[in-house]
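First residue of the sequence shown: 1343, per the numbering used here; consecutive thereafter.
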Amino acid sequence: MINRATIRYSDGSERTIAVPADETVLEAAESQGVPIVHECLSGICGTCVARCTSGQYVIRTSVGLSGQEKSQRRILACQTRLSSDCVIELDYPLGSNSAQLVSGEVSLERIERLSPHAALVVLDVSRLPAPLDFKPGQFAQLRVPGTDQWRSYSFAHAPRSGNEVEFLVRMLPDGVMSDYLRQRAKPGDRLGFRASRGSFFLRSASRPVLLIAGGTGLSAILAIAEQLVRNGATQPIRIAYGVTTEEDLVLLPRLEQLAANHAALRWECVVLRPSPQWRGRVGVATDLLSKRDLADGRADVYACGPPAMVDAVRTWLNANGLAGVSLYYEKFVPSGTRLASRAAPAAAAALSASVASAAREKGRGTAVVIGGSIAGMAAAKVLAAHCDRVIVLEKDRDHGRTDGRPGAAQGWHLHHLLMAGQRALDSMFPGIIDDMVAAGALRVDMGEQYRIMLAGSWKKAGRSGIEIVCAGRPLLEWCVRRRLDRESRVEYRYESEATDLVFDAASRSVVGVVVERDGARDLVPAAIVIDAAGKNSPVPEMLQRLGVGSPEVEEDCLNCFYSTMQHRVPPERIWKDKVMVICYAQRPQQRHYAAQYYTDSSRTTLSTSLVGYDCHKPPRNAEEFREFARLMPALAIGNELEGLEPCSPVYNFRYPEMRRLRYERMPSLPAGLVAVGDALCSADPVSGAGMTKALLEVAELRSLLRDHRVNDRELVRAYYARAKRIADRIWSVIREQNLRYPWILDVRRKRTFYFRLHTWYVDRLFELIHDDAETYRRYLEVTHFVQPPSSLMSPRVIARVLSRWARTRLAREETLIERNFGNGRAGEFEAPPP
């Protein structure tokens, strides 16, 4: 079944697309060259938010939308399938090309047959409606003339001037593009064109670089190598090129020219099935790899080729203790294939019933962790002390030191590890904080190196004794991931998604997980399953399908949008006296929050995170980002961006609601299943408490495992009782500020009877800590969860707060009297302040 969607842009432009039943709106739009801004593709970041004004649809994952927005028919294009013809409105113009997608027609210039199995295709792109922009390593999609078939090919060179682009095409015995190029192609033919695509591209590089190509994967590798040489890279560059037969070796003169132009560049090729005349290396690409080229793991590796080659590279790196490298890769997917769809819910339930007993027996001694972020990795470390085998399932690709992951859209934004979280993490991975600092994280005294605007005033800088570790989340995760490599019992599976739970009705226990990877399914038995899949966790839905029932959900609607952009900092603009500036919203008068900070200790990149509450339209380009910065509580945020060069796109992250799943209230908790982190309770990320809360929960799990078996039903009950106390504390501290907003749904019902008194006291406390170092330190200890909130209500603190308030009020009244009676304006009185 095919429905049609009319896409309307804010400038009045319209595009109509056909949307097959098995495709999302975004997938259909991309395949037909219609731009929709997007980022994570998992329904988390909210970048592809739109509004359906007509027609029926189904949203696959809706955690990225609040209940209020759903009632307004807002959708996420990456998660929405159509049930009828629809009209979908976007709040940005088509002409701005916000989606960074150029589509149109190009013409065939020439074809160079390089071998029986490869051809170089040269196209003229002068007919495109906008300038072509791509990163070395990315690909374009070409429509075969006379068909509706599209094929993807990597650019075979770095970006350059002129109207010609080149692609290295594998000539298949029976392929739509191959048949066209062999049989009927002629200069001047028109081909449909869409670019640029793909997350495989050259990152900023300062470490040694290893480039690995398999077959026509050489195309992307050549583009990256050319750009490195053009950039004047000084570090060693090594290219390993593997093919099946020597006939498949192509473009060798280009490799020779690159080596001639760069003294530190070396290349080598290997042939799997050579002829008797071959005198070179025999084997596969990984046979060309050497540990000496990878600087003990301090290197960047780019691999492009068949899936088997990429998997072999990852295996080789792990086997040689080099998991510390940053690995970027592109796997070739056979043309025209689609990954198998998930099993229907009924089939999944039947599968669970038929294999539960066997899974329970096979899973003894095995733990499965769904989700491989910090919460999941910490849980894996804890379980490794009690299980023979721990399997971590992560939907995303490998962790990188500097790159965020699509499944963790929040990863591009500000992260700092609070003191309680640091202590918990260091107890699980001794020395991990030092590892983070060595890798580039900043460890600073928060009172001294942060500039904080709170309640409308800047807090005085000074040593507080509150040390904090801050960096981009990718770096923090990368350091923990490297530690997990040392755990022989832990098996990390990337690009693996849990699609169902296996439930044993007899024992009312979760005894396994159904896992999908590369279109194939596997059943993994387990004695315990940890849900660390984050706020977007599929586990509650799985429990509902299995008839177990899902936990009650408590929500506070915030409609919060994070937007982050990075800028290069010239030496003369580097801050000498601080590493971060934070402006908190003064609620309820203000709805914006901002933070500017260095992404690592090099201080060469300034990251700016802008937050809007009750916000539905995020900035999507540099100009809109600067306009958004002007809405922040302090002009200093926008002023700091003046004259700085952007070095990233705008990354958005949607946080519609604080969500808390009340597992502890379920009448019949299943054994063998524990939720941690955002999968259990996800609080407003402005608090910076997310990672810390997750680590405190994992610490409680570790404590309970000393006295309980992993599949013990009592373990689950005891864990949720302890986790509830952690959530209660964090939820109450954060909620006090959020419930000040009158537009929050059911706000009057959620406010306590002492709400007004409490907010009055907190406001007076904020006034006191402006210049009271002792109370400010205690406030920081509470926000870092090393002291309870009640410590701010001690008699000593209350006395200081009231004394400061009384002095301030008396001073105001004296000033008022002076104005009214000391200026000769008797009878003209000003009203006292409230």
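By construction, the Cβ of each residue, glycine as well, lies at the ideal position given by its N, Cα and C atoms.
Note that the structure is a prediction, hence the values are computed from the model and not measured.
* Nearest neighbour of S2185, chosen from A1766, D1768, Y1836, G1782 [CA to CA] -> Since the displayed the chain opens at 1343 and closes at 2176, residue 2185 lies outside it and no answer follows.
* Just grab the DSSP bridge partners of M1795 for me. => In DSSP, M1795 forms a bridge with W1800, C1925.
* Buried or exposed (CB count within 10 angstroms, at least 16 for buried), A1500 -> Buried, since its Cβ has 16 or more Cβ neighbours within 10 Å.
* Asked: In its own chain, which residues sit with a C-beta less than 8 angstroms from the C-beta of R1831, not counting the 5 before and 5 after it?
  -> Taken in chain order, the residues that qualify are A1726, C1729, D1730, R1731, V1732.
* **Same chain, Cβ closer than 6 angstroms to F2095, five either side skipped, listed in chain order** => None.
* Asked: Do you know offhand how far N2080's Cα is from E2109's?
  -> Taking the straight line joining both Cα atoms gives about 19 angstroms.
* Would you call the region 1956 to 1970 and the region 1918 to 1932 touching, i.e. three or more CB-CB distances under 8 angstroms? -> Inter-segment contact for the region 1956 to 1970 and the region 1918 to 1932 is absent: fewer than three beta-carbon pairs are separated by less than 8 angstroms.
* **Collapsed DSSP secondary structure at Q1764 in the structure displayed** => If DSSP states are grouped into helix, strand and coil, Q1764 belongs with the helices.
* Alpha carbon to alpha carbon, how far is A2031 from A2124? Give it in angstroms, no decimals. => This sequence places Val at residue 2124; Ala is not what is there. Computed Cα separation, rounded: 11 angstroms.
* Asked: Just the Cα atoms here: how many angstroms apart are C1382 and R2146?
  -> The alpha-carbon atoms of C1382 and R2146 are separated by roughly 48 angstroms.
* Asked: In whole angstroms, what is the alpha-carbon distance linking P1550 and R1634?
  -> Looking at the backbone, the Cα of P1550 and that of R1634 are separated by about 10 angstroms.
* Asked: Which value, in whole angstroms, describes the spacing of the CA atoms of R2064 and D2020?
  -> Taking the straight line joining both Cα atoms gives about 16 angstroms.
* **Residues near G1556 by beta carbon distance below 6 angstroms, same chain, minus five either side** => Short of 6 angstroms from the beta carbon of G1556, and not among the five residues preceding or following it, lie these beta carbons of its own chain, in chain order: G1584, A1627, G1647, P1648, M1651.
* What do you get for E1883, buried or exposed, if any count of 16 or more other CB atoms within 10 angstroms of its CB means buried? -> With fewer than 16 Cβ atoms within 10 Å of its Cβ, E1883 is classed as exposed.
* Asked: Terminal residues of the continuous alpha helix (DSSP H) containing W1658?
  -> Looking at the DSSP string, the run of the alpha helix (DSSP H) that includes W1658 is 1649 to 1661.
* Tell me the DSSP bridge mates of W1492? -> Partner(s): R1485.
* Can you tell me the Cβ-Cβ gap for V1289 and V1852, rounded? I've got them flagged as a contact below 8 angstroms. => Outside the shown range of the chain (1343 to 2176) lies residue 1289, about which nothing can therefore be said.
* Just the Cα atoms here: how many angstroms apart are E1447 and I1349? -> The alpha-carbon separation between E1447 and I1349 amounts to approximately 21 angstroms.
* Asked: When you compare each of R1452, E1858, E1790, R1915 to R1526 by their alpha carbons, which one comes out closest?
  -> Answer by Cα proximity: R1452.
* Would you mind stating whether K1463 and V1511 have Cβ atoms separated by less than 9 angstroms? => The sequence shown places Val at residue 1463, not Lys. A distance below 9 angstroms separates the beta carbons of V1463 and V1511.
* Starting from C1821, trace the alpha helix (DSSP H) both ways and give me its first and last residue. => Membership of C1821 in the alpha helix (DSSP H) is indicated by the continuous run 1815 to 1826.
* Please say whether A1392 and Q1374 have beta carbons closer to each other than 9 angstroms? => The answer is no: Cβ separation not under 9 angstroms.
* **Supposed contact pair R2120 and S2133 - C-beta distance, whole angstroms, cut 8 angstroms** => Correct: roughly 6 angstroms between the Cβ atoms.
* Would you check if the region 2010 to 2024 and the region 1975 to 1984 touch, i.e. whether three or more CB-CB distances between them fall below 8 angstroms? => The region 1975 to 1984 is not in contact with the region 2010 to 2024.
* Asked: Can you tell me whether DSSP reads K1633 as helix, strand or coil?
  -> In the structure shown, the three-state DSSP call for K1633 is helix.
* How close, in whole Å, do the beta carbons of D2026 and C1902 come, if the pair is a contact with beta carbons under 8 angstroms? -> Rounded, the Cβ-Cβ distance is 7 angstroms, consistent with contact.
* Looking only at C-alpha atoms, which of P1960, A1766, R1536, D2054 sits nearest to Y1434? -> Per the Cα distances, P1960.
* Could you have a look at L1681 and say whether DSSP puts it in helix, strand or coil? => Unreliable placement is indicated for L1681, whose pLDDT of 32 sits below 50; the coordinate value is still reported in the next sentence. DSSP places L1681 in coil when its eight states are reduced to three.
* To do: Rank R2082, L2087, P2012, T1366 by C-alpha distance to the C-alpha of Y2062 and give the top, closest one.
  => Minimum Cα distance to Y2062 is reached at P2012.
* **Distance, Y1792 Cα to W1800 Cα** => Each residue's Cα considered, the two are about 10 angstroms apart.
* Inspect the beta-carbon positions of R1765 and D1787 and report whether they are closer than 9 angstroms. => No.
* For K1412, the first and last residue of its enclosing alpha helix (DSSP H) -> Where K1412 is concerned, the enclosing alpha helix (DSSP H) stretches over 1409 to 1413.
* To do: Name, in chain order, the residues that DSSP records as bridge partners for Y1993.
  => Beta-bridge pairing links Y1993 to T1906.
* Asked: Should L2144 go down as buried or exposed, given a rule of 16 or more other Cβ atoms within 10 Å for buried?
  -> By the neighbour-count rule (16 or more Cβ atoms within 10 Å), L2144 is not buried but exposed.
* Cα-Cα separation, A1869 to S2029 -> Roughly 35 angstroms separates the two Cα atoms.
* Helix or strand or just coil, what does DSSP make of W2073? -> W2073 falls in the helix class under three-state DSSP.
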